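Heads up, the thing below is written out as structure tokens.
There are 2 protein chains.
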Amino acid sequence: MGLKVTIYDVAKEAKVSIATVSNVINKKGRIGEKTRRRVYDAMEKLNYEPNVLASALMGKQTKTIGLLIPDLANPFFSELARSIEDRGHELGYSIVICSTDYQEEKENKYISLLKQKRVDGFIFASGFEKQSRLEELMQEDIPIAIVARDYPNFAVNAVALDDYMGGYLAADYLIKLGHKKIGIVALDVYSNRERIRGFKDAMSEHGLKFIHDIELIEDIKQSHLDAGRNVAKKYLQYDDKPTALFACNDLLAIGAIQAARRSGLYVPNDISIVGFDNTSIASIVDPPLTTMSQPIQLMGREVMDLIISIFKGERDDHVRVTLAPTLVERDSTRTI
Amino acid sequence: MGLKVTIYDVAKEAKVSIATVSNVINKKGRIGEKTRRRVYDAMEKLNYEPNVLASALMGKQTKTIGLLIPDLANPFFSELARSIEDRGHELGYSIVICSTDYQEEKENKYISLLKQKRVDGFIFASGFEKQSRLEELMQEDIPIAIVARDYPNFAVNAVALDDYMGGYLAADYLIKLGHKKIGIVALDVYSNRERIRGFKDAMSEHGLKFIHDIELIEDIKQSHLDAGRNVAKKYLQYDDKPTALFACNDLLAIGAIQAARRSGLYVPNDISIVGFDNTSIASIVDPPLTTMSQPIQLMGREVMDLIISIFKGERDDHVRVTLAPTLVERDSTRTI
DNA sequence: TTGAAAGCGTTACCAG
DNA sequence: CTGGTAACGCTTTCAA
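Protein chains in written order, with this note's numbering: chain B, 20 to 355; chain H, 20 to 355.
What follows is the structure in structure tokens.
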């Protein structure tokens, strides 16, 4: 009475062949209504659970997808992973999650491990991902999709945020609030650079430009909180200090708020700060953070749907889904 | 040149039988040094990756573990999942994560799904888990381990926090700070009740008792932030209001801080607040939260090691690992 | 409409 | 020390 009931047991119980059982399970071929009933009853009675391994061996899907993210403990990625998981389960897929810590070595190890386990495909949620690694997988005909990260000039299925637009909207908002002297707190990664580009363009359109050099944070692995604090601190030491700061993620923004407070400045009275991502902590901190919202739920859903459509062979061309960010206004900003 | 290189290809390349190849892979039997080399060379040359599915079909492990948690987007659980994932990977296991949202229905669905996929075992990180469901799995001889949740009077492998001690220590700390009138913000779940029991006992030892009735939050699925805010608000409306609040998790504590602020009270000057869990948000909020720390890293590591030891058959008795919480003092508390 | 038999890629047992 | 060969549980022709 254990795990050991196989398709043979069901066949015997229903007095049919295993082929028939297999067919009714997979709804294939034409099967008499009576036999179908008998088979279902037998499965029910024996509490039969098909062995996914065996059927996967025969070429069917494992119904499992590998998800590589930089760090599951980071709220942005855990929320994203959750939304991917949700949509995956809806569609009958399990997700195995691997945190790469932005390390190429780990990434290679996980990819190889998951390949051996015959996952049906990979979702890469930002991180290290050498382009060559992706190309290898595509060569081997393993479905992959990218989320929350863009590979410019590389044909790959991806759903990404319109980072440029996010930066543009953030700038637009701040400028409308009357801010002219604005500082940037950002990491040296592609998405952040895009956001800055959008931000800069919006400023230009209003005849504004940055009064201080932008210093990108190069060590991506360090605490974003600390990094944000440090960069903000520098800005606050200028004689001609900015009246607003645009931080390229919420953690950075919170670090900036802390830096301000430590310099005896009040947010938003003395300085406005806008973040990026709208992770759940944005509404928890004090003051609640005005931030550009990434539609995390939607992104998760979209990548999942994207990779499924690849499974189904619905596309051999490559799609790039671009989602629009929206501004969520809270209390870390004010008119000047 | 794809995924399709099998043990047969390796055998042919190395001019040996597949049995020999299998043996060198699994380091079984005695094999001549020369043939071993030839096999290794062949595997290397062909870029052979063993098919885990096939070997699992033969009774070997899938090297995959199912992890059921209430909600991956909750920082406590994402941090816990991360630590489990880390230890798992070190030991060669992949983790498939399922968020149950405290719903029995989802839980059943995931358990059945993962059984079909032949995971080697289950880790249950709190949540719904009917005891009967666990018993079923144990009957079927599927290894299971519990983490961050205790089943009193039920023989199961578990690593849990000493909740009673956590409550006791929190009370002890607050009392030493001079607080006598203390309120409780907690959920109506086993762990929280234990914490309160410890808290109460510590108070008794000092001849203290609660001046207001404790109202547990019954709707566990609602936003903890809101719930904390509401409960705290009630306390703050009493004429004889408490000078300190003990919240049974960090989110609740943050809700309490917000309630205080909205009533025009300053933390910690007007009221001290201590949380529980020491999730990463505890150090981010303002004021940084004094909280009982759960050793999340250690818990993850311990459950993983526990379930592995079950795989190895190192124990047929049941173990309960109990970890001690420690107080992390930040700025949400002060002497009275 | 149903069933027999040939795989899928491994491991395990038993000869040689 | 090495190699046949029978499983493992399922899907898929191809006949009947």
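Quick reminder that beta carbons are idealized off the backbone N, C-alpha and C, glycines included.
Being a predicted model, the structure only gives us computed values, none of them experimental.
Can you list, in chain order, the residues of its chain whose CB lies under 7 Å from that of residue i, leaving out five sequence neighbours each side?
i              : result
residue 244(B) : 270, 273 and 274
residue 100(H) : 86, 88, 91 and 116
residue 328(B) : 334
residue 344(B) : 180, 181, 184, 185, 188, 311, 312 and 313
residue 24(H)  : 65, 66 and 67
residue 191(B) : 221
residue 260(B) : 254
residue 36(B)  : 30
Given a threshold of 16 other Cβ atoms within 10 Å of its Cβ, counted over all protein chains shown, does residue i qualify as buried or as exposed?
i              : result
residue 20(H)  : For residue 20(H), the predicted structure reports a pLDDT of 40, less than 50, and the residue's modelled location is therefore unreliable. A value from the coordinates is still provided. Under this definition residue 20(H) is an exposed residue.
residue 56(H)  : exposed
residue 198(H) : buried
residue 77(H)  : exposed
residue 49(B)  : exposed
residue 230(H) : exposed
residue 173(B) : exposed
residue 171(B) : exposed
residue 242(H) : exposed
residue 302(B) : exposed
residue 258(H) : exposed
residue 297(B) : buried
residue 74(B)  : buried
residue 169(B) : buried
residue 337(B) : exposed
residue 332(H) : exposed
From residue i to residue j, what distance separates their C-alpha atoms?
i              : j              : result
residue 186(B) : residue 255(B) : 22 Å
residue 201(B) : residue 248(B) : 16 Å
residue 324(B) : residue 137(B) : 20 Å
residue 130(B) : residue 27(H)  : 24 Å
residue 165(H) : residue 41(B)  : 36 Å
residue 54(B)  : residue 29(H)  : 44 Å
residue 175(B) : residue 144(B) : 13 Å
residue 178(H) : residue 321(H) : 7 Å
residue 319(B) : residue 132(B) : 23 Å
residue 150(H) : residue 96(H)  : 21 Å
residue 123(B) : residue 284(H) : 49 Å
residue 250(B) : residue 264(B) : 10 Å
residue 294(H) : residue 153(B) : 44 Å
residue 83(H)  : residue 108(H) : 10 Å
residue 134(H) : residue 158(H) : 14 Å
residue 279(H) : residue 315(H) : 29 Å
residue 118(B) : residue 125(H) : 25 Å
residue 121(B) : residue 105(H) : 14 Å
residue 62(H)  : residue 304(B) : 54 Å
residue 219(B) : residue 232(B) : 12 Å
residue 253(H) : residue 346(B) : 34 Å
residue 71(H)  : residue 326(H) : 20 Å
residue 276(H) : residue 317(H) : 29 Å
residue 60(B)  : residue 127(H) : 21 Å
residue 112(B) : residue 111(H) : 22 Å
residue 216(H) : residue 44(B)  : 52 Å
residue 146(H) : residue 306(B) : 32 Å
To which residues of the same chain is residue i closer than 6 Å at the C-beta, ignoring the five residues directly before and after it?
i              : result
residue 211(B) : 205 and 267
residue 156(H) : 163
residue 80(B)  : 139
residue 348(H) : 309
residue 360(B) : This structure gives no information on residue 360(B), because the portion of chain B shown stretches from 20 to 355.
residue 287(B) : 351, 352 and 353
Apart from the five residues just before and just after residue i, which ones in its own chain have a Cβ nearer than 8 Å to its Cβ?
i              : result
residue 207(B) : 235, 236, 237 and 239
I think residue i touches residue j, with their Cβ atoms under 8 Å apart; what is that distance to the nearest whole Å?
i              : j              : result
residue 194(B) : residue 227(B) : 7 Å
residue 352(B) : residue 196(B) : 6 Å
residue 58(B)  : residue 33(B)  : 5 Å
residue 142(H) : residue 103(H) : 6 Å
residue 290(B) : residue 94(B)  : Not quite, the Cβ-Cβ distance comes to about 24 Å (not below 8 Å), so this is no contact.
Item checked: chain B contacts from the segment 57-85 of chain H (Cβ-Cβ distance under 8 Å) -> 68, 69, 70, 71, 72, 73, 75, 76, 81, 82 and 83
Checklist line | Interfacial residues, the segment 258-289 of chain B to chain H, with Cβ spacing under 7 Å | finding: 273
Margin query: For the segment 300-322 of chain H, list every residue whose C-beta sits within 7 Å of some C-beta in chain B, in sequence order.
Written below: 300, 303, 304 and 305
Next item on the list: For the segment 105-130 of chain B, enumerate the residues whose C-beta is nearer than 9 Å to any C-beta of chain H, in chain order.
Entry: 105, 108, 111, 113, 114, 115, 116, 117, 118, 125, 128 and 129
Next item on the list: Taking a Cβ distance cut-off of 7 Å, strictly less, list which residues of the segment 136-163 of chain H are near chain B, in chain order.
Entry: 136, 137, 159 and 160
Check: Residues in the segment 223-251 of chain B with C-beta within 9 Å of chain H's C-beta atoms, listed in sequence order?
Finding: 244
Notebook entry, point to check: the segment 93-104 of chain B: which residues have C-beta closer than 7 Å to a C-beta of chain H, in chain order?
Noted result: 94, 97, 98, 100, 101 and 104
Check: the segment 186-216 of chain B: which residues have C-beta closer than 7 Å to a C-beta of chain H, in chain order?
Finding: none
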